[in-house]
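Take a look at the structure below.
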């Protein structure tokens, strides 16, 4: 599907979500994450009719148990939904819902184009039409885990890392394909890492744009690979996921600026791509072992532990 059509379908889903009672507590809409629209919502007891959505809808119960009735494809599903359960509603299926109590849920709206793309990349077939299957009140620890990680990214507000979030979305798509689709479940095992030229090209792009909110697709496109394929080979080559590499490089640049002594810690944090001084300090202390203030005061005698980052591409 052309990108313009994907965006048009995405906007239909956003309009439907906007029409739901109550405003979302958290939403990924301002983030522009590829492949997903995600909202954390509190719903009062209600009955709603959902038009066919352009996305596969995963509803994860984040709160207490509640009684739910769903009508889908002429069938009625009814039962208790406990904390951690999911309801998976395939794209293009109209549905009706009613529930009897206050609920806190995470809505994960996955783009079918992303699911199909990941299926072609991850499953050993050249072309595939992915049919996602519905599930009602199913326990799924993997989706619960990925959902909580994505929710944490939303809760982090402007501290969220787009590369990390999109890696989680890809992992979610792979899991849906493996567990809730009509196709074979043999996931390709990529090995050997990136070629030296591709690795150098990817690292160069991350380093020249290190203070920007890069997307996984953007970096992968630099080396003519899919996001799914690239992320796995990059980690095999460097030992770090793309978002981890970006954070470490930001910290490395911050350290050099601290040693130069020309800027405040707050100014440095903004210059290297962190949201604020606290955001920089948290990652800096975790990676370097001391706070930015220590480097600023004592500087060049403090051991720097990430020197091998560039060596891996040599």
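Residue numbers (my numbering): 5 to 318.
Even for Gly, the Cβ is constructed at its ideal location relative to N, Cα and C.
Taking all protein chains shown into account, decide if residue 256 is buried (16 or more other Cβ within 10 angstroms of its Cβ) or exposed. The residue labelled residue 256 in the question sits at position 252 within the chain shown. Burial of residue 256 is indicated by the presence of at least 16 other C-beta atoms within 10 angstroms of its C-beta.
Beta strand (DSSP E) containing residue 114: first to last residue? Your numbering for residue 114 matches position 110 in the chain shown. Here the beta strand (DSSP E) through residue 114 covers 107-114.
Take the Cβ of residue 137 as the centre, count every other Cβ of all protein chains shown within 10 Å, and call the residue buried at 16 or more, exposed below. For the purposes of this step, residue 137 is taken as residue 133 along the chain shown, with counting starting at 1. Counting Cβ neighbours within 10 Å, residue 137 comes out exposed, since fewer than 16 surround it.
Three-way DSSP call (helix, strand, coil) for residue 171 in this model: Within the chain shown, the letter at position 167 stands for residue 171. Three-state DSSP puts residue 171 in a helix.
Tell me whether the beta-carbon of residue 66 lies closer than 8 Å to the beta-carbon of residue 110. The residue you call residue 66 lines up with position 62 of the chain shown. The residue you call residue 110 lines up with position 106 of the chain shown. Taking 8 Å as the Cβ cut-off, residue 66 and residue 110 qualify as a contacting pair.
Pull up the distance between the alpha-carbon of residue 104 and that of residue 184, whole angstroms please. Residue 104 sits at position 100 when you count from the first residue of the chain shown. Residue 184 sits at position 180 when you count from the first residue of the chain shown. If I take the Cα positions, the gap works out to 27 Å.
Taking only three categories from DSSP, how would you classify residue 278? Start at 1 with the first residue of the chain shown, and residue 278 comes out as number 274. Residue 278 falls in the coil class under three-state DSSP.
Quick check: is the beta carbon of residue 114 nearer than 8 Å to any beta carbon in chain B? Among the chains in the structure shown there is no chain B, since it carries only a single protein chain.
Quick check on this structure: which residue in 38, 155, 279, 150 has the alpha carbon closest to the alpha carbon of residue 254? Locating residue 254 in the chain shown gives position 250, where the first residue counts as 1. Taking only the C-alpha atoms, the option nearest residue 254 is 279.
For residue 210, the three-state DSSP class (helix, strand or coil): Working through the chain shown from its first residue, we reach residue 210 at position 206. Three-state DSSP puts residue 210 in a helix.
What are the boundary residues of the beta strand (DSSP E) that includes residue 297? Against the chain shown, residue 297 aligns to sequence position 293. Careful: residue 297 lies outside any beta strand (DSSP E), inside the alpha helix (DSSP H) at 296-302.
Hey, residue 91 and residue 71: beta-carbon distance below 8 Å or not? In the chain shown, residue 91 corresponds to position 87, counting from 1. In the chain shown, residue 71 corresponds to position 67, counting from 1. Their beta carbons are not under 8 Å apart, which means residue 91 does not touch residue 71 by this criterion.
Inter-residue Cα distance where the pair is residue 288 and residue 204: Walking along the chain shown from the start, residue 288 turns up at place 284. Walking along the chain shown from the start, residue 204 turns up at place 200. Roughly 25 Å between the two C-alpha positions.
DSSP has residue 50 in a bridge; who is on the other side? Here the question's residue 50 lines up with position 46 in the chain shown. Under DSSP, residue 50 shares a beta bridge with 103.
Quick check: is any heavy atom of the ligand MG less than 7 Å from the C-beta of residue 227? The ligand MG is not part of the structure shown, which contains no ligands of any sort.
Along the chain, where does the beta strand (DSSP E) containing residue 64 start, and where does it finish? Walking along the chain shown from the start, residue 64 turns up at place 60. Element bounds for residue 64: 60-65.
Could you have a look at residue 24 and say whether DSSP puts it in helix, strand or coil? Here residue 24 refers to the residue found at position 20 of the chain shown. For residue 24, the secondary structure class from DSSP, reduced to helix, strand or coil, is coil.
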